[in-house]
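*Asks:*
This is the structure in structure tokens:
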């Protein structure tokens, strides 16, 4: 059984069909990339998986659970973490606090025990911190640990967002354009990190990305979309050579 | 230049950074606890007032400073706490039971009101809560048999373990009562901020979308925030009632709500210190103005008649100046001065400058 399965998913905004009867599945342990021109509905697919939108029809199943049955805040509990295209960090908090919010789904204490900061709350804090430190070491964020997000450069914020998603200890990581706005060196770093996330941590990665170098470098399979519908699905080389994909990007040869 | 070496996670989890910082706060606590011996009764009363305002400020800070929900209706919760406290005392329940109960009841009311308020954001929420504040006035008048309506209610002292605690009769005892509540509320607040709940408040404030993606239930978090905020405000209201001794439907007017919000903005949103700094400004400004008016009158030879609206005018000016020049409030300025000393001579001018972010995720609904 696949880890994530989208079956015949359709989403309409008024008269516009943003996602059109889309079906695909992501296998455990692979890096799966979605590519397509602007407005193809790639980020919308992410927002559907995050339950920010309700699909018009179709099913979304993750790890044997029907995702359409849970609230947006319940998706993380199943082990799905994500980043955002335009960086949605908690601006007026430190990097450490941001990553600790990622541990929220593992919270075992309640309001009362937290207000009195009982020994169990203290223990939980230490455990959370140990987990977060692993992620900080993994992504080389030591220098920024106590810095406010509001004062960090763009490239670092991008990494912090990946770190926050990893801190949730996910099974599936959704990366929405992880390399957009990054320099060549930073993109190369990101490439190796995605590779390590899959190999060392055993986390399945689903990403939307425009940088074809990154896509063909790390992904096992690629889904090309245009106008909300599936164009092609296969290895990076197959998709890049697919006539429908070339047409969607460059237009028809007249 | 002082450097703290961290060798243990507990150093980040416990509330103080190092022994030096802890000793500073303990000295402050000792100085404040011994205030009755170095202050006369008039200034002790003023200090009590400042502490009560600080508690109310902490209450609003939870909601506005940390969860990002502006409220212009906290005077309504002050009133609820005050009336709940006095009515239960009149019913013969001992103060030590009534007082916690007054806060808890206010908290429950606050959480119930939060449920319809959850759908509102920003200015709309402010207007909704403003309406609450105005409604409270009418509710007090309409429920006259319980609340005493326009005639109001009086409360003398209360008894704790047989000791009389009265604002006028035993100002020292009353001061210590207020101080104890302040310390307890502050400790609870500190615990909140270092636990997952406090971080989820900050997450909701800064980005609801990603808070949700991290598994934070927005509606639940906001409701808890409203509840906690109103509970603390209720305690402040109960103390305000005891402090004033007499109150009616007009005591907790909209003006109090606005003053409370201005107070935490001036003090510094999103910090515990901010509530205290703001309370000091609010509490001592009228005294400061009347004293300086005398001096100015003596120098320029004018009379010392009351100038209507002077206090609010000056207050407004201070607020505008802060929003323009120091949006982080007094606490923000305090942080800068402290950092300057800690890093001397390495402080840079743009150390606290924030990177502008122009991109925001598009609206999802």
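Residue numbers (our numbering), protein chains in the order written: chain A, 1 to 254; chain B, 1001 to 1365. Ideal Cβ placement from N, Cα and C applies to all residues, glycine included.
#1: Which value, in whole angstroms, describes the spacing of the CA atoms of residue 235 of chain A and residue 1275 of chain B?
#2: Under the three-state reduction of DSSP, which class applies to residue 23 of chain A: helix, strand or coil?
#3: Give the straight-line distance between the Cα atoms of residue 65 of chain A and residue 82 of chain A, rounded to the nearest whole angstrom.
#4: Does the CB of residue 1017 of chain B have a neighbour CB from chain A at under 8 Å?
#5: Below 8 Å between beta carbons: does that hold for residue 1140 of chain B and residue 1249 of chain B?
#6: As a quick exercise: from B/1052, B/1201, B/1273, B/1333, pick the residue whose alpha carbon is nearest that of residue 1379 of chain B.
#7: Using the rule of at least 16 other Cβ atoms within 10 Å of the residue's Cβ for burial, across every protein chain shown, is residue 1338 of chain B buried or exposed?
#8: Roughly how many angstroms lie between the CA atoms of residue 131 of chain A and residue 167 of chain A, to the nearest whole one?
#9: Taking the CB atoms as reference points, tell me whether residue 152 of chain A and residue 187 of chain A lie closer together than 8 Å.
#10: Taking Cβ positions, are residue 171 of chain A and residue 204 of chain A nearer each other than 8 Å?
#11: If contact means a Cβ-Cβ distance below 8 Å, which residues of the stretch 76-109 of chain A contact chain B?
#12: From this set, B/1173, B/1222, B/1184, B/1186, which residue's C-alpha is nearest residue 1197 of chain B's C-alpha?
#13: For residue 121 of chain A, go through chain B and note every residue whose CB falls closer than 7 Å to its CB, in chain order.
#14: Are residue 1059 of chain B and residue 1229 of chain B touching if we call contact CB-CB under 8 Å?
#15: Just checking, does the stretch 1207-1227 of chain B make contact with the stretch 1077-1096 of chain B on the three C-beta pairs under 8 Å criterion?
#16: Determine, using beta carbons only, whether residue 60 of chain A comes closer than 8 Å to chain B.
#17: Using CA coordinates, which residue listed in B/1161, B/1138, B/1020 is at the minimum distance from residue 1251 of chain B?
#18: Within 8 Å (strictly less), CB to CB, does residue 73 of chain A reach chain B?
#19: In whole angstroms, what separates the C-alpha of residue 1362 of chain B from that of residue 43 of chain A?
#20: Who are the Cβ neighbours of residue 120 of chain A in its own chain at under 7 Å, not counting the five residues just before and after it?
#21: Which residues, in order along the stretch 1084-1108 of chain B, keep a beta-carbon less than 8 Å from a beta-carbon of chain A?
#22: I want to know whether the stretch 197-211 of chain A touches the stretch 30-44 of chain A - three or more CB-CB distances under 8 Å.
#23: Determine the DSSP secondary structure at residue 1017 of chain B, reduced to helix, strand or coil.
#24: Between the stretch 1061-1078 of chain B and chain A, which residues of the former have a C-beta closer than 8 Å to a C-beta of the latter?
#25: Let me know the secondary structure DSSP gives residue 2 of chain A once reduced to three states.
#26: Could you please tell me which residues of the stretch 1316-1331 of chain B, in chain order, have their CB closer than 9 Å to any CB of chain A?
#27: Assign residue 1083 of chain B to one of two classes, buried (16 or more other C-beta atoms within 10 Å of its C-beta) or exposed (fewer than that).
#28: Which residue's Cα is closest to the Cα of residue 1069 of chain B: B/1145, B/1344, B/1126?
#29: Tell me whether the stretch 126-141 of chain A and the stretch 73-81 of chain A touch, counting them as touching only if at least three CB pairs, one residue from each stretch, are closer than 8 Å.
#30: Quick one, which of B/1010, B/1346, B/1031, B/1017 has its alpha-carbon nearest residue 1179 of chain B's?
#31: If you run the structure through DSSP and keep just helix, strand and coil, what is residue 941 of chain B?
#32: Could you name the residues of chain A that residue 1052 of chain B contacts, counting a contact when the two beta carbons are closer than 9 Å?
#33: Does the distance between the C-beta of residue 237 of chain A and the nearest non-hydrogen atom of the ligand SAH fall short of 7 Å?
#34: In chain A, what lies closer than 9 Å to residue 1407 of chain B by C-beta?
#35: Under the three-state reduction of DSSP, which class applies to residue 1025 of chain B: helix, strand or coil?
#36: Under 8 Å Cβ-Cβ, which residues of chain A neighbour residue 1216 of chain B?
*Replies:* Answer, in terms of the structure:
#1: Taking the Cα positions, residue 235 of chain A is about 58 Å away from residue 1275 of chain B.
#2: Residue 23 of chain A sits in a strand when the DSSP states are folded into three classes.
#3: For the pair residue 65 of chain A and residue 82 of chain A, the Cα-to-Cα distance works out to about 18 Å.
#4: Using beta-carbon distances, residue 1017 of chain B does not count as an interface residue toward chain A, since no partner is under 8 Å.
#5: Cβ atoms of residue 1140 of chain B and residue 1249 of chain B: closer than 8 Å.
#6: A question about residue 1379 of chain B goes unanswered here, because the residues of chain B that appear run from 1001 up to 1365.
#7: Residue 1338 of chain B is classed as exposed because its beta carbon has fewer than 16 other beta carbons within 10 Å across all chains shown.
#8: Cα to Cα, residue 131 of chain A sits roughly 7 Å from residue 167 of chain A.
#9: No, the pair does not count as a contact, with Cβ atoms beyond the cut-off.
#10: Yes, the pair counts as a contact, with Cβ atoms nearer than the cut-off.
#11: From the stretch 76-109 of chain A, only 76, 77, 81, 82, 84, 85, 86, 87, 88, 89, 90, 91, 92, 93, 96, 97, 100, 101, 102, 103, 104, 105, 107, 109 have a Cβ closer than 8 Å to chain B.
#12: Ranking the options by Cα distance to residue 1197 of chain B, first place goes to B/1222.
#13: Going along chain B in sequence order, the residues near residue 121 of chain A (Cβ under 7 Å) are 1195.
#14: It is a contact, given that the beta carbons lie within the stated cut-off.
#15: They do not touch, by the three-pair rule.
#16: Closer than 8 Å: no.
#17: Relative to residue 1251 of chain B, the option among B/1161, B/1138, B/1020 whose CA is nearest is B/1138.
#18: Answer yes: the Cβ-Cβ gap between residue 73 of chain A and chain B drops below 8 Å somewhere.
#19: For residue 1362 of chain B, the pLDDT reaches just 49, beneath the cut-off of 50, and the residue's location in the model is therefore unreliable, leaving the point undetermined.
#20: Around residue 120 of chain A: 109, 113.
#21: For the stretch 1084-1108 of chain B, which is checked against every Cβ of chain A, not one residue is closer than 8 Å.
#22: The stretch 197-211 of chain A is in contact with the stretch 30-44 of chain A.
#23: The answer is coil: DSSP assigns residue 1017 of chain B none of H, G, I, E or B.
#24: If the cut-off is 8 Å between Cβ atoms, the stretch 1061-1078 of chain B has nothing near chain A.
#25: Coil.
#26: None of the residues of the stretch 1316-1331 of chain B has a beta carbon lying less than 9 Å from any beta carbon of chain A.
#27: Buried.
#28: Closest by alpha carbon: B/1126.
#29: Touching, no, given that fewer than three Cβ pairs across the two stretches are closer than 8 Å.
#30: For residue 1179 of chain B, the closest of B/1010, B/1346, B/1031, B/1017 by C-alpha to C-alpha distance is B/1031.
#31: The requested residue 941 of chain B is not part of the displayed model; chain B covers only 1001 to 1365.
#32: Neighbours of residue 1052 of chain B on chain A: none; closest Cβ ~21 Å, over 9 Å.
#33: This structure simply doesn't include the ligand SAH, nor any ligand for that matter.
#34: Only positions 1001 to 1365 of chain B appear in the structure, and residue 1407 of chain B is not among them; the question remains open.
#35: Three-state result, residue 1025 of chain B: helix.
#36: The answer, in chain order, is 73, 101, 104.
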